[in-house]
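What follows is one structure encoded as structure tokens, with my remarks underneath.
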């Protein structure tokens, strides 16, 4: 959207751009993939200079940058942003220049590329110089030089030195010419000549140090253009400081070097600057010869007719030499050339009238073209806005349908999972009730049989026989009571009637309580119990629920431990949990596989070493109670050797989220 807005602004400001950009845009759109579009744009830009076809370059560079930004790792982002900075500089749009300079600098730093970073800083310094912000330019260029120095970038260091020297030179000339009336705001504080001399000398020192370092580096790199630039700065500065002999020597060195590499532009610049230096030092013949030679290089086909600029210089030099006649002669030539360039007054008046008519005609044509272009732009913008609105609505509707479809799929999966869980629970419930019914049948049948015998035969039975029958009835009723208790606890847990009330307390108390409850059975089977649980261990759990769990596990251990066997209770802290183990010797648990096993919803009842029976509900109840208290329960079975039941519980109250 930002690119579209910029495009509209450009089209309003530049009516002729529309047709040429439209053609270029069609060529770009011939490439379907963004990667191919970007490559085409980069090729187009690399074929042009920063001052050529600026508007179209800005438009396609903006488009290329919007594509490249989709991939932050794309190195062409730097090229595009730096090119945009140069393009905006070419048309003196300083806000946009600074914007893209900042962008390019951030990209160079993101890629950790000191060479490019120094390059951008030099560009920023140059823009500041053009704006007359000399102090800011000097600060930025010092940073550029430091970046190049740290990276070992010799060429970048030298270029930064050259720029610094040029800024110092221009800044000092600025102060010298304008004094305290200079437009440069930083000069307003220098209200007297002494202050101006002081800043003059300070800048001179910096300039000479920078320029000399630049010369040394350029010589090291054998970079002739850099050497010529540095030499010209130093020589001009020496001439400005009235050190004419030293300046003359440097200018002559520059002239010889420019001739040796056949650099006409550098030679012309050195000849003109050297002529001024010789004139100020009183060597007028040399000054005249050099300005004439420079004119011949600029206008080789002039036939000895000087440009008005050369003629004005010759007039000045002859006047300085005291030859008034020659000075007047060349002054006339200068004015003649100037008038020839601008034509005679009558012709000038006629031309001015024609120019005014043409300007008015062009103004009307431009206004018409602007209105026409504006109409096209508004129409195009309306169509584009409508298309974008339709696209946005369709994308929004598609996303809504996608979300609804996703929610429906998630709901189906949840329903399917709940259905599967319900089926599994029903199967487990049916199996449990089948086990309970089977295990209850035997003790109830025993009670029925013995009560029937007592009812029919009690008159003929001896007292000992009656006591034995009553003992068997009592044992059967205890079994029935135990089974019903387990069933009721499991049912209550399944219905959600049991709510945990966790607290932090010492676990050893619960372990000792479980051993105490099973003490009679332990003594009867002569089992050795080893309790290795430290009194330092704490748990965060429901005290009553944990007591039931430990009672079940210790009772099971006693049940499956052979006479004169052993039971080991141990505990250890594992992270934020306490791991508790109840291990017994014997043959393991026949109905559980070897290794680690998590307790399922149904377990077959297994008789103990002395025929003790159960429902299998105890372990299921233990598992659910442990999970209700944020823990886990599992068995580690070793058939023929031992069985171990383990569980974990939090040591402390978990932090509230």
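Residue numbers (the numbering used here): 401 to 1057.
Glycine is no exception: its CB is placed at the ideal position from the N, C-alpha and C atoms.
Just so we're clear, the structure is a prediction, and the values are computed from it rather than from any experiment.
Tell me which residues share the same chain as residue 671 and place their Cβ nearer than 8 Å to its Cβ, disregarding the 5 neighbours each side in the sequence. Working through the chain shown from its first residue, we reach residue 671 at position 271. For residue 671, where only same-chain residues beyond five positions count, the Cβ hits under 8 Å are 655, 690, 691, 693, 694, 697.
C-beta atoms of residue 971 and residue 980 nearer than 8 Å: To locate residue 971, count along the chain shown from 1; it is residue 571. To locate residue 980, count along the chain shown from 1; it is residue 580. The criterion of a C-beta distance shorter than 8 Å is satisfied by residue 971 and residue 980.
Tell me which same chain residues have a C-beta within less than 6 Å of the C-beta of residue 964, skipping the five on either side of it? Here residue 964 refers to the residue found at position 564 of the chain shown. Once the five neighbours on either side are set aside, the close Cβ partners of residue 964 are 926.
May I have the straight-line CA-CA distance separating residue 459 from residue 541, to the nearest angstrom? Stepping through the chain shown from its first residue, residue 459 is reached at position 59. Stepping through the chain shown from its first residue, residue 541 is reached at position 141. If I take the Cα positions, the gap works out to 30 Å.
Identify, in the order they occur along the chain, each residue of the same chain with its Cβ nearer than 7 Å to the Cβ of residue 667, setting aside the five sequence neighbours on each side. As a first step, residue 667 must be located in the chain shown, where it is residue number 267. Counting only Cβ-Cβ distances below 7 Å, and skipping sequence neighbours, we find 655, 658, 659, 697.
Check whether the stretch 500-517 touches the stretch 532-540, taking contact to mean three or more Cβ pairs, one atom from each stretch, closer than 8 Å. Touching, no, given that fewer than three Cβ pairs across the two stretches are closer than 8 Å.
Is the beta carbon of residue 1049 less than 8 Å from the beta carbon of residue 939? The residue given as residue 1049 occupies position 649 in the chain shown. The residue given as residue 939 occupies position 539 in the chain shown. Contact: yes.
Taking residue 497 as part of the alpha helix (DSSP H), name the residues at either end of that continuous run. On the chain shown, residue 497 is found 97 positions in, with the first residue counted as 1. Judged by DSSP secondary structure, residue 497 falls within the alpha helix (DSSP H) whose first and last residues are 494-510.
On the criterion of 16 or more Cβ atoms from any shown chain inside 10 Å, does residue 977 qualify as buried, or is it exposed? Here residue 977 refers to the residue found at position 577 of the chain shown. Per the 10 Å Cβ criterion, buried.
Start and end residues, beta strand (DSSP E) containing residue 967: As a working mapping, residue 967 is identified with position 567 in the chain shown. For residue 967, the enclosing beta strand (DSSP E) covers residues 966-974.
Nearest CA to the CA of residue 1042: which residue from 1030, 958, 903, 1019? Mapped onto the chain shown, residue 1042 falls at position 642. It is 958 whose Cα lies nearest to the Cα of residue 1042.
Sheet register partners of residue 695 (DSSP bridge): Taking the chain shown and counting its residues from 1, the one referred to as residue 695 is at position 295. Looking at the DSSP assignment, residue 695 forms no beta bridge with any residue, so it has no partner.
Use the C-beta contact count for residue 457: other C-beta atoms within 10 angstroms, 16 or more gives buried, fewer gives exposed. As a position in the chain shown, residue 457 is number 57, starting the count at 1. Looking at its Cβ environment, which holds 16 or more other Cβ atoms inside 10 Å, residue 457 is buried.
Report buried or exposed for residue 857, applying the criterion of at least 16 other Cβ atoms within 10 angstroms of its Cβ. Here residue 857 refers to the residue found at position 457 when the chain shown is read from its first residue. It counts as exposed.
Distance check for residue 512 and residue 548, CA to CA, integer angstroms please. For the purposes of this step, residue 548 is taken as residue 148 along the chain shown, with counting starting at 1. For the purposes of this step, residue 512 is taken as residue 112 along the chain shown, with counting starting at 1. Taking the straight line from one Cα to the other gives about 13 Å.
Residues near residue 681 by beta carbon distance below 6 Å, same chain, minus five either side: Stepping through the chain shown from its first residue, residue 681 is reached at position 281. Around residue 681: 644.
Extent of the continuous beta strand (DSSP E) run through residue 981: The residue you call residue 981 lines up with position 581 of the chain shown. According to the DSSP assignment, residue 981 belongs to the beta strand (DSSP E) that extends over 977-985.
Count the CB pairs spanning the stretch 496-503 and the stretch 467-476 that are closer than 8 Å, and state whether there are at least three. In this structure the stretch 496-503 does not touch the stretch 467-476; the number of beta carbon pairs closer than 8 Å is below three.
Note the first and the last residue of the continuous alpha helix (DSSP H) segment covering residue 961. Sequence index remark: in the chain shown, residue 961 carries index 561 (1-based). Where residue 961 is concerned, there is no enclosing alpha helix (DSSP H), given that its DSSP letter is neither H nor E.
Which stretch, first to last residue, makes up the alpha helix (DSSP H) that contains residue 456? Here the question's residue 456 lines up with position 56 in the chain shown. Counted as a single uninterrupted DSSP element, the alpha helix (DSSP H) harbouring residue 456 occupies residues 454-468.
Just the C-alpha distance for residue 724 and residue 709, rounded to the nearest angstrom, thanks. Sequence index remark: in the chain shown, residue 724 carries index 324 (1-based). Sequence index remark: in the chain shown, residue 709 carries index 309 (1-based). Their backbone Cα atoms lie some 19 Å apart in a straight line.
The ligand SAH and residue 522: does the residue's C-beta get closer than 7 Å to at least one heavy atom of that ligand? Among the ligands in the structure shown, none appear at all, so the ligand SAH cannot be discussed.
Does DSSP put residue 557 in a helix, in a strand, or in coil? Stepping through the chain shown from its first residue, residue 557 is reached at position 157. Residue 557 falls in the helix class under three-state DSSP.
Since residue 915 and residue 954 should fall inside the 8 Å C-beta cutoff, what is the C-beta to C-beta distance between them, to a whole number of angstroms? For the purposes of this step, residue 915 is taken as residue 515 along the chain shown, with counting starting at 1. For the purposes of this step, residue 954 is taken as residue 554 along the chain shown, with counting starting at 1. The beta-carbon separation of residue 915 and residue 954, rounded to 6 Å, stays under the 8 Å limit for a contact.
Reference residue 494; option with closest CA among 525, 468, 868: Position 94 of the chain shown, counted from the start, is the residue given in the question as residue 494. Nearest C-alpha to residue 494: 525.
What number of angstroms, rounded off, separates the C-alpha of residue 947 from the C-alpha of residue 803? For this step, residue 947 is matched to residue 547 along the chain shown. For this step, residue 803 is matched to residue 403 along the chain shown. Rounded to whole angstroms, the gap between the alpha carbons of residue 947 and residue 803 is 49 Å.
Does the beta-carbon distance from residue 1104 to residue 1046 come in below 8 Å? Residue coverage of the chain in this structure runs from 401 to 1057, which leaves residue 1104 outside it and unanswerable.
Straight-line gap, residue 877 to residue 870 (C-alpha atoms, nearest Å): Numbered from its first residue, the chain shown carries residue 877 at position 477. Numbered from its first residue, the chain shown carries residue 870 at position 470. The alpha-carbon atoms of residue 877 and residue 870 are separated by roughly 10 Å.
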